[in-house]
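One structure is given here, and the rest of the page talks about it.
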Amino acid sequence: MYQSNMNDVLKANTLTCEKKESIIKTARQLFYTYGYDEIETAIFEPYDLYSSVDGMILQDDMVKVIGPSGKVLVLRPDVTIPVARLVTKHVGHNEKIKRYFYIMDVFRQAANRVLAHKQIGVELFGDDSTESDTEVLALAYELLANLPVTHFTIEVGHAGFVQQILEETNLPYSERQLLKQYIQSKNKTDLQTFLIEHQVSQPLQRVILQIVDLYGPPGHVIERARTLSLNKEMNQAIDHLERMHQLLDLYGMTENIVFNLGLINHMDYYSDVIFQGFIARVGEPVLMGGRYDTLTEKIGIMIPAVGFGCDIQLLIDGLKKEQHTINRQEDIVIYYTPTRIREAYQLMRQLRHRSKRVLINHKEINVTHSARAIYLQEQHITVFNGREKRVYPNIDSFLTQYQL
37 MYQSNMNDVL KANTLTCEKK ESIIKTARQL FYTYGYDEIE TAIFEPYDLY SSVDGMILQD
97 DMVKVIGPSG KVLVLRPDVT IPVARLVTKH VGHNEKIKRY FYIMDVFRQA ANRVLAHKQI
157 GVELFGDDST ESDTEVLALA YELLANLPVT HFTIEVGHAG FVQQILEETN LPYSERQLLK
217 QYIQSKNKTD LQTFLIEHQV SQPLQRVILQ IVDLYGPPGH VIERARTLSL NKEMNQAIDH
277 LERMHQLLDL YGMTENIVFN LGLINHMDYY SDVIFQGFIA RVGEPVLMGG RYDTLTEKIG
337 IMIPAVGFGC DIQLLIDGLK KEQHTINRQE DIVIYYTPTR IREAYQLMRQ LRHRSKRVLI
397 NHKEINVTHS ARAIYLQEQH ITVFNGREKR VYPNIDSFLT QYQL
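If you want it as structure tokens, here you go:
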């Protein structure tokens with residue numbers, strides 16, 4: 037029983053690794069087709085880099101260490117901030133658009149242990165256009181569409197739209213943060229109680245309570261949002277989202293998009309469009325992103341920036357629950373008689389150069405143990421593929437004629 041359990045654990049671990057590599061391969065190929073280059077930052081970052089940005093990671097969530105110079109360092113708790121710092125440090129105001137993607141680990145302190153999560157994502161710097169926002173959103177859409185899940189949804193909102201409403205309340209910062217939580221939870225009863233207790237005007241109460249319901253098909257949400265707009269800035273946010281929806285239509289990516297104008301991200305550095313992606317049977321966002329122009333200004337120079345990050349483990353969890361399997365090659369096992377050992381090893385190298393999974397068996401000849409086997413006998417080569425059996429006079433004829 038113990039051995040069986042151990043085998044199950046090892047098999048599950050191997051399968052998880054295969055799924056992770058499959059997701060990374062899919063993402064890397066996709067990002068490349070959009071013109072993005074891979075980037076990587078240091079695993080240890082200055083503590084001040086994160087503590088100086090409001091609305092970031094809580095201090096207790098960061099894994100802190102003392103560096104050789106005595107300065108406090110943290111294990112990378114976020115990717116967007118160090119990538120943005122790197123770009124603002126080396127790119128000037130007038131530089132052309134920069135596109136980067138990353139595959140990096142982030143670390144958080146939880147209870148008495150350190151949690152590591154591998155993230156993939158993209159960052160686009162140097163352009164504040166609607167087209168750039170839509171490009172990044174389209175990348176997120178296509179990434180989820182390329183994964184073997186039964187369904188996915190991307191919610192799109194606008195941080196500036198909600199921020200304008202918060203400013204209209206004239207509440208202190210701490211109370212605004214609490215109000216954001218109520219809006220995000222979409223609990224109208226608690227939200228209304230909060231608004232009454234804090235003496236928010238009746239007209240503004242009506243708008244805020246309706247913001248919670250601004251969720252659904254983009255056209256419908258945009259139409260309703262225009263009736264609730266309080267100022268020019270809110271109108272501009274609505275126009276921006278409408279234009280993005282038009283561009284998404286050109287990409288052919290509108291089917292799984294919903295607009296959510298009550299969407300609030302816990303990362304306060306997002307300033308304009310924000311979005312999050314869900315896959316079936318995973319109860320939290322697997323992907324989050326948006327525009328964060330103000331963040332680059334805080335950590336260097338103001339450079340327009342938009343991007344998203346995706347938690348690979350959450351994607352894997354979704355794939356497990358969907359019970360999808362990753363296509364993998366079956367092992368090819370080479371058997372040989374003692375006189376053909378040199379040829380067996382030469383064939384092994386040739387097949388591996390063709391990216392085949394090859395094992396060489398020098399203990400016993402038993403082709404029934406492998407679905408695909410090659411047996412180098414004294415006078416010829418016999419190839420077994422399931423129930424199929426073929427004979428070749430030599431290695432060259434086998435490599436030329438047989439499709440592995």
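In terms of this note's numbering, the sequence shown has 256 at position 220, counting the first letter as 1, and numbering is strictly consecutive.
In this text, a Cβ means the ideal position worked out from N, Cα and C, and glycines have one as well.
**Buried or exposed by the 16-neighbour rule on C-beta atoms within 10 Å, applied to Pro321** = buried
**Asked** For Ala152, does the count of other Cβ atoms within 10 angstroms reach 16, so buried, or fall short, so exposed?
**Response** With fewer than 16 other Cβ atoms within 10 Å, it is exposed.
**Request:** Quick one: residues in its chain with C-beta nearer than 6 Å to the C-beta of Leu46, no 5 flanking neighbours on either side, listed in chain order?
**Result:** none
**Asked** Which full runs of the alpha helix (DSSP H) of 4+ residues lie inside the stretch 243-300, going along the chain?
**Response** 254-264, 268-287
**Request:** Kindly give me the distance between the Cβ atoms of His281 and Pro254, rounded to whole angstroms, as I take these residues to be in contact under 8 Å.
**Result:** 4 Å
**Message:** Measuring only the C-alpha atoms, how far is Asp163 from Glu171?
**Reply:** C-alpha separation (whole angstroms): 11 Å.
**Item:** Beta-bridge pairing of Ala146 - partner residues as DSSP gives them
**Value:** Arg149
**Asked** Under the three-state reduction of DSSP, which class applies to Met98: helix, strand or coil?
**Response** In this structure, Met98 counts as coil in the three-state DSSP scheme.
**Prompt:** Does the separation of the CB atoms of His194 and Asp308 fall below 8 Å?
**Reply:** Yes, the Cβ-Cβ distance between His194 and Asp308 is below 8 Å.
**Request:** Following the continuous beta strand (DSSP E) through Met338, name the residue where it begins and the one where it ends.
**Result:** From DSSP, Met338 is part of no beta strand (DSSP E); its letter is neither H nor E.
**Whole-angstrom C-beta distance between Ala316 and Tyr371, which should lie under 8 Å** = Tyr371 to Ala316, Cβ: 44 Å. No contact.
**Message:** Less than 6 Å between C-beta atoms, sequence neighbours within five positions excluded: which residues of the same chain meet that for Leu376?
**Reply:** Inspection of the sequence shows that residue 376 is occupied by Arg rather than by Leu. So the list reads Leu412, once near-sequence residues are dropped.
**Asked** Can you give the Cα-Cα distance for Leu395 and Thr62, rounded to whole angstroms?
**Response** Answer to the nearest angstrom: the Cα atoms are 27 Å apart.
**Message:** Can you tell me where the beta strand (DSSP E) holding Ile396 begins and where it ends?
**Reply:** 394-396
**Request:** Since I believe Asn292 is in contact with Phe188 (beta carbons under 8 Å), could you give me their beta-carbon distance rounded to a whole number of angstroms?
**Result:** 6 Å
**Prompt:** By DSSP, does Thr170 sit in helix, in strand, or in coil?
**Reply:** Residue state, collapsed to three classes: helix.
**Request:** Determine the extent of the beta strand (DSSP E) in which Tyr371 is found, giving its start and end residues.
**Result:** 368-372
**Message:** If the criterion is Cβ atoms closer than 8 Å, does the pair Gly517 and Ile190 meet it?
**Reply:** Outside the shown range of the chain, which is 37 to 440, sits residue 517, and nothing can be said about it.
**Prompt:** On the three-state DSSP scale, how would you describe Val123?
**Reply:** helix
**Prompt:** So, using beta-carbon positions, are Gln155 and Ile335 closer together than 8 Å?
**Reply:** No, they are not a contact pair.
**Opening and closing residue of the beta strand (DSSP E) in which Leu183 lies** = Element bounds for Leu183: n/a, residue is neither H nor E.
**Request:** Could you have a look at Glu196 and say whether DSSP puts it in helix, strand or coil?
**Result:** Reading off the sequence shown, one finds Gly at residue 196, where the question assumed Glu. Note: Gly196 maps to helix in three-state DSSP.
**Prompt:** Do Tyr306 and Arg279 have their C-beta atoms within less than 8 Å of each other?
**Reply:** no
**Asked** Considering only residues of the same chain and omitting the five flanking positions on each side of Tyr109, which have a CB-CB separation below 8 Å?
**Response** The sequence as given places Leu at residue 109; Tyr does not occur at that position. Within the same chain, and ignoring the five residues on either side of Leu109 in sequence, the residues whose Cβ sits closer than 8 Å to its Cβ are Phe80, Glu81, Pro82, Tyr83, Lys100, Val101, Ile102, Gly103.
**Message:** Could you pull the DSSP bridge partners for Lys154 from this structure?
**Reply:** Asp141
**Met338 classed as buried or exposed, judged by whether at least 16 other C-beta atoms fall within 10 angstroms** = With fewer than 16 other Cβ atoms from the protein chains shown falling within 10 Å of its own Cβ, Met338 counts as exposed.
**Message:** Applying the 10 Å Cβ sphere with the 16-neighbour rule, what's the burial state of Gly288?
**Reply:** The residue in question, Gly288, is exposed, as its Cβ has fewer than 16 Cβ neighbours within 10 Å.
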